[in-house]
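Heads up, the sequence shown is in the UniProt record's numbering, so the first residue is 1 and it goes up one at a time.
Here a beta-carbon is modelled for each residue, glycine too, at the ideal position from N, C-alpha and C.
Computed from a predicted model, the values in this text were never measured in an experiment.
Report on one structure; see the data block that follows.
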Amino acid sequence: MEKVILLSVIKHGEQPDIEELSGLVEALGYKVVGSVVQHRRSFDPSTYVGKGKIEELKRFAEVKDASLVVTYHNLSPSQIRNIEKATGLKVRDRTEIILDIFAERARTKEAKIQVELARCYHQLSRLRGKGKGLSRLGGGIGTRGPGETLLETESRAIRRRIHSLKREIEKYAKRRSLFTERRRKSGLITVAVAGYTNVGKSTLVRRLTGEDLFIKNIPFATLDTRTGRIFLRGINRKILITDTVGFIKDIPHELIASFKATLQEVADSDIVAVVYDITSPNLYTESEAVGKILKEIGASDKPRITVFNKIDLVEGKEELFRLMIAGKVKNSENSVFLSAKTGEGVGSFLTKVEEIVTTLSL
């Protein structure tokens, strides 16, 4: 098992989640053996952290027998080269780790296309500053035009691929748009189950619909939206409920762009059920991240139910958690506490849904 050291700069006002990064790295089968963190006003333009920290990183890696460094922030190609040269270690960034996880989890053709598109966006962003090796002029029959640089050639090839992938994704987006239009005409209400990654969204949807969804205690187990029907007995009405891809703090822009069609499911829904893990020590930062993403995809003004899941893990302490959470999670007024695993509190959730459905005018 390859050993990894995490490397991060903490700038004023930032809160990189090193523990979460460790979980992401280990989800790929690596072993995290430690971290090196530096507080500074800005990134070192040459090596991300200062030279003293680079030396500390090198010594730490020797002691721990580590061969890979994963940085919290995205680095320029020159920064990666300089760190690798100074330490003899391979360097990868958080975005690459998340993209690798997405690639492992992608099960449908659409999800695989979206992951490839995200990789292309990331590669394109890395081309800037790739150095002299890609700045030489070149030209040859069937290769580059006269005076075209290697950088321009590679950039053009990636842009061509991006254009092709976006055309493929557009086909799926059109199908979704047609489905949404038919749904609205039929009067079917849709509840999108959204929230941070690995909080039990799929477990809740399975509990409500009885459908066999892929559920595993790993980050981003669900990359594809899954929709099922449930019957609300209190108002004698059928509705749709959709499981969606999980959110994460500091989500790479490449993923927002490439998974836009999938995330549109949340924006097109009538009600958003935002799920949190009640036992998470990072509820405040997770709620901040969720709120930011909902705003970015145009879903922040939707009727919302805040769901605090996993109350089976805090037996006897529910009231204490209610008081603690009140000041930590935004938009938590219309909230419900439940266990998707045991079913406790699910009835209260359905009652909340019924209350909102009766007030909606479609």
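Query raised in the report: Taking the Cβ atom as the reference point for each residue, do Ala194 and Val266 lie within a distance shorter than 8 Å?
Result: yes
Query raised in the report: Hey, out of Ile230, Ser42, Leu6, whose CA is closest to Tyr30's CA?
Result: Leu6
Query raised in the report: Could you give the distance in angstroms between the alpha-carbon of Ser300 and the alpha-carbon of Gly52?
Result: Looking at the two C-alpha atoms, the distance is approximately 44 Å.
Query raised in the report: Count the other CB atoms within 10 Å of the CB of Ala273; is the residue buried (16 or more) or exposed (fewer)?
Result: buried
Requested in this report: Starting from the N-terminal side, write out each stretch of the beta strand (DSSP E) that is 3 residues or longer and does not extend beyond the region 232-286.
Outcome: 237-243, 271-277
Query raised in the report: Relative to the C-alpha of Ala27, which residue among Arg161, Arg184, Ile251, Ile97 is closest?
Result: Ile97
Query - Where the alpha helix (DSSP H) containing Ser78 begins and where it ends - result: 77-87
Query raised in the report: Between Gly133 and Phe337, what straight-line distance do the alpha-carbon atoms span, to the nearest angstrom?
Result: Confidence is the limiting factor: at Gly133 the pLDDT is only 49, short of 50, which leaves the residue's position unreliable and the question unanswerable from this model.
**Report entry** 8 Å Cβ cutoff met for Leu208 and Ile230
**Finding:** yes
Query raised in the report: From Ser46, Thr351, Asn198, pick the residue whose C-alpha is nearest to that of Gly23; which is it?
Result: Asn198
Query raised in the report: Any contact of the region 244-254 with the region 157-176, i.e. 3+ C-beta pairs under 8 Å?
Result: Touching, no, given that fewer than three Cβ pairs across the two stretches are closer than 8 Å.
Query raised in the report: Under a Cβ-count criterion, where at least 16 other Cβ atoms within 10 Å of its own Cβ denotes burial, should Val63 be classed as buried or exposed?
Result: Val63 is exposed by the Cβ-count criterion.
Query - Helix, strand or coil at Leu6 [DSSP, three-state] - result: strand
**Report entry** Rounded straight-line distance, which links the Cα of Thr227 to that of Tyr360
**Finding:** It is Leu, not Tyr, that sits at residue 360 in the sequence shown. Leu360 and Thr227: Cα-Cα distance of roughly 20 Å.
Query raised in the report: Does the Cβ-Cβ distance between Ala86 and Val33 come in under 8 Å?
Result: no
Report task. Let me know if Leu283 comes out buried or exposed under the rule of 16 or more other beta-carbons within 10 Å of its beta-carbon. Result -> buried
Query raised in the report: With distances taken between CB atoms, is the gap from Val346 to Ile239 smaller than 8 Å?
Result: no
Report task. Give the DSSP bridge partners of Asp335, in chain order. Result -> For the sequence presented, residue 335 should be read as Ser rather than Asp. In the DSSP output, where bridge partners are listed per residue, Ser335 has Thr306.
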